[in-house]
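In what follows, a single structure is set out as structure tokens and then discussed.
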């Protein structure tokens, strides 16, 4: 088991290095742009997954964190002329703090109420970004954000930025992986399935929900800073309710509570989005239709569905062992 | 000034009450937070616009908008919600978001995003009551909303059908054991819930014009109203509609129209923190 | 009785516990003292307020009146997880386990208080972190062995029988290293043979120095293993004493035992 795990790890590490290295050779500028935005979306989707998938909290306001991260970066960088990397640290800390503050009241809420409250958070943030003109520039947004240097490499070149974004994504994946497979992750999964069991196990439910909100906020804030650094221009319309909805859809469609699900969801939706550009005006009509169809046909998510199918395919070969046991072993892999 | 704000607030409130009524009914029976609720107001408004082009009387178009929104609702119900009736409420919620995106953009494709004007025989005449001006159209909105809210309340409380709806909303499984066709009930509730919203759309069309994205802010407001009144609480939704209408009117008058939404949602937060069960409902403890 | 209470220390006491639901007192002025090394039975007919009383003891229900004391520490507003920290753990009548986790993981959840939760340790997977996890896993395995279900450690909960689920739940409770274990009808739905096994297990737990508060409908079982029994009826305490005293008590016979001559 441990040996298989080591091989698994090495394989993933190899894919990561290969991915970052390969990104340097992507020539097509259009594809490069799509890829960078997809990677940023993937980081956001993972931040949503911490709440929706692992902790069982609904977040319909993730664009709020995303926007705050981007604006903290934008304001510190342009108004206060702080370097990118220092602004980045502030952006992460501040969004984490906002996550904490948002969590204080909302950890007491459940289900629909939590959804509406987090949605309200997103709407309030968007309202502030749009109307606090003296600081945020209002609907005109902020221009001229510095694209960072990574040591002496200017990330202004799309290839280098993609490499950096991919490396960030892998770090985020590793971070989430380590936390989810620790007592904190165990506490999350416990309170997601049954809060009363969590009480009895001595888990301070509110504290662990707060941790999830802070972590999720911080990661989304990081994605926001990355976005600001890449685009060099930000405006409130990127961080609206549609963004939040699209993020949670990505996670649910891909398969919540897994690491691969949100990545798969991002890949598919980014592809679908680009493909739909061919339909110009009908684009979002078809998008909405696909969304409804996907959710009604595969409510559990694409990744878990195919995983189950593939495992089932293999179990039918070794008929000696019962499906029940194999099925449960298969599910264990998901948790690991 | 002050009394004018009160009147405007109440007129808008009547509208919110009507939309929130549909939303809260659907939540109560289907356990669905319907994010496409406002879109049915848009459907109703466009129905009114389209039928008006065919030279129908305004009042007739209002009545027909009920039917159009109902039929669109029925189709959406079977395509987007019926397959998920035993699934996680979160999936239903997302499905409703998909419906919302679909409807908004479809109408944008068909009717283009430019706002349309719907003419009404009531629009220009204002009447003065005790020093405040109220256009006849607003008066019509208040009257129709109140009548429809009252009618819905009466049906729910007094009729046999209403009893089945209430039973299905309290406990669908037990209701089914007692021979109540819960699937049919939730279908009817959904259709009626969105059709009422369709009327609301047709009623506002002359005042705020008709455009594809008009439903989004209505959905948000309706949610705030429903939380304020207590999810699934009919009387709460009606009362909450008026309260939000008033708050909005005052914040626009005294603070700024730009922060209107932010203020409404801040109130939502305060309610969620201090009275998550809503202003009217009693606390229901969790069963261990 | 006098001699007994001198020998054993009181580790938990409930004073004048009352719970009101609307106009109804579900529990009214109930006092209870739990001593070390005892099985303390709680009996009563249906609707006597046993479950509510138990929820108060485990912090899931705030009492309208009265308070709890654990090792002389008064609990003002008992958050449920605080009770676990103070050394009280419970099981449920309708078993509460996590269906998406394996048996072993379900037990490991109970070790939360002793796990290494320092973010630095977690992110760096330090030696300290790996050691605590290893120790916890071993402890969980030991408990599963004690419960006789170590063979199913890697299975999902869904494949387990009711009796096995109860054992997993008790193992999880023991994982929190309680000084008091609260068992809510551990034999509900089990056949006589399984009931005997559970009774045996309770005695084993007691021999490990853990006091057990046992709520049970099975009169024969509760009388046979309890050191002391509290009888509730209509939310009030109608009797308390040793099993032999209880069986002779007029009020109890009238309220509860009635025709249960086999007791």
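Chains as they are written, first to last, in our numbering: chain A, 1 to 336; chain B, 1001 to 1288; chain C, 2001 to 2263. Where is the CB? At the ideal position from N, CA and C, for every residue including glycine. Remember, it's a predicted structure, so these values are computed and weren't measured experimentally.
| Item | Value |
| --- | --- |
| Taking 8 Å as the CB-CB cut-off, is residue 49(A) touching chain F? | In the structure shown, chain F cannot be found, because the protein chains are A, B and C. |
| Please state whether the Cβ-Cβ distance between residue 295(A) and residue 1098(B) is less than 8 Å. | yes |
| Indicate whether at least one CB of chain A lies closer than 8 Å to the CB of residue 2012(C). | no |
| By Cβ distance below 6 Å, which residues in the same chain neighbour residue 134(A) in space, the five residues on each side in sequence not counted? | none |
| Out of curiosity, what's the CA-to-CA distance linking residue 67(A) and residue 97(A)? | 14 Å |
| Closer than 8 Å, CB to CB, is residue 112(A) near chain B or not? | yes |
| CB-CB under 7 Å to residue 2243(C), same chain, minus the five flanking residues each way: which ones, in chain order? | 2223, 2226, 2229 |
| DSSP state of residue 2250(C), grouped into three classes? | helix |
| Can you say whether residue 1016(B) is buried or exposed, counting buried as having 16 or more other CB atoms within 10 angstroms of its CB? | buried |
| Nearest-angstrom Cα distance between residue 171(A) and residue 1113(B)? | 43 Å |
| Within the continuous alpha helix (DSSP H) that includes residue 1095(B), where are the two ends? | 1089 to 1111 |
| Which residue comes first and which comes last in the beta strand (DSSP E) that contains residue 2182(C)? | 2180 to 2184 |
| From the DSSP output, in three-state form, read off residue 2238(C) for me. | strand |
| Just to check my reading of the structure: residue 187(A) and residue 2172(C) have Cβ atoms closer than 8 Å, yes? What is that Cβ distance to the nearest angstrom? | Not quite, the Cβ-Cβ distance comes to about 14 Å (not below 8 Å), so this is no contact. |
| Pick from 1092(B), 1229(B), 1042(B), 1110(B): whose alpha carbon is nearest that of residue 1066(B)? | 1042(B) |
| Answer with yes or no whether the minimum CB distance from residue 45(A) to chain C is below 8 Å. | no |
| Strictly by DSSP, which residues pair up with residue 2025(C)? | 2020(C) |
| Please state whether the Cβ-Cβ distance between residue 1235(B) and residue 1247(B) is less than 8 Å. | no |
| Can you name, in chain order, every residue of its own chain whose Cβ lies under 7 Å from the Cβ of residue 1237(B), other than the five neighbours on each side? | 1017, 1020, 1021, 1024, 1225, 1226, 1229 |
| Rounded to whole angstroms, what is the Cα-Cα separation between residue 1170(B) and residue 1233(B)? | 12 Å |
| Per DSSP, which residues does residue 2266(C) bridge with? Please list them. | Residue 2266(C) lies beyond the residue range present for chain C, which begins at 2001 and ends at 2263; the question has no answer from this structure. |
| Check the Cβ of residue 2115(C) against every Cβ in chain A and list those closer than 7 Å, keeping chain order. | 183 |
| Residue range of the alpha helix (DSSP H) that residue 2142(C) falls in? | 2127 to 2147 |
| Let me make sure I understand the geometry here. Which of 2192(C), 2174(C), 2072(C), 2245(C) has the alpha-carbon closest to that of residue 2211(C)? | 2174(C) |
| Between which two residues does the alpha helix (DSSP H) holding residue 208(A) run? | 205 to 231 |
| Can you tell me where the alpha helix (DSSP H) holding residue 1173(B) begins and where it ends? | 1172 to 1177 |
| Who pairs with residue 2233(C) in a beta bridge, going by DSSP? | 2236(C) |
| Quick one: is residue 2046(C) buried, meaning 16 or more other Cβ sit within 10 Å of its Cβ, or exposed? | exposed |
| At least one CB of chain C closer than 8 Å to the CB of residue 186(A): is that the case? | yes |
| Along the segment 208 to 220 of chain A, what residues have a CB closer than 8 Å to any CB found in chain B? | none |
| Quick test of the definition: if touching needs 3 or more C-beta pairs under 8 Å, does the segment 268 to 288 of chain A touch the segment 1041 to 1060 of chain B? | no |
| When DSSP labels each residue in this structure, what does residue 1998(C) get in the three-state scheme? | Residue 1998(C) lies beyond the residue range present for chain C, which begins at 2001 and ends at 2263; the question has no answer from this structure. |
| For residue 1951(C), which residues does DSSP report across the bridge? | No answer is possible for residue 1951(C): it lies beyond the span of chain C, which begins at 2001 and ends at 2263. |
| What separation, rounded to the nearest whole angstrom, lies between the Cα atoms of residue 289(A) and residue 224(A)? | 29 Å |
| Mapping DSSP to helix, strand and coil, what is residue 1134(B)? | strand |
| So which residues of chain B does residue 289(A) contact, with C-beta pairs closer than 8 Å? | 1098, 1102 |
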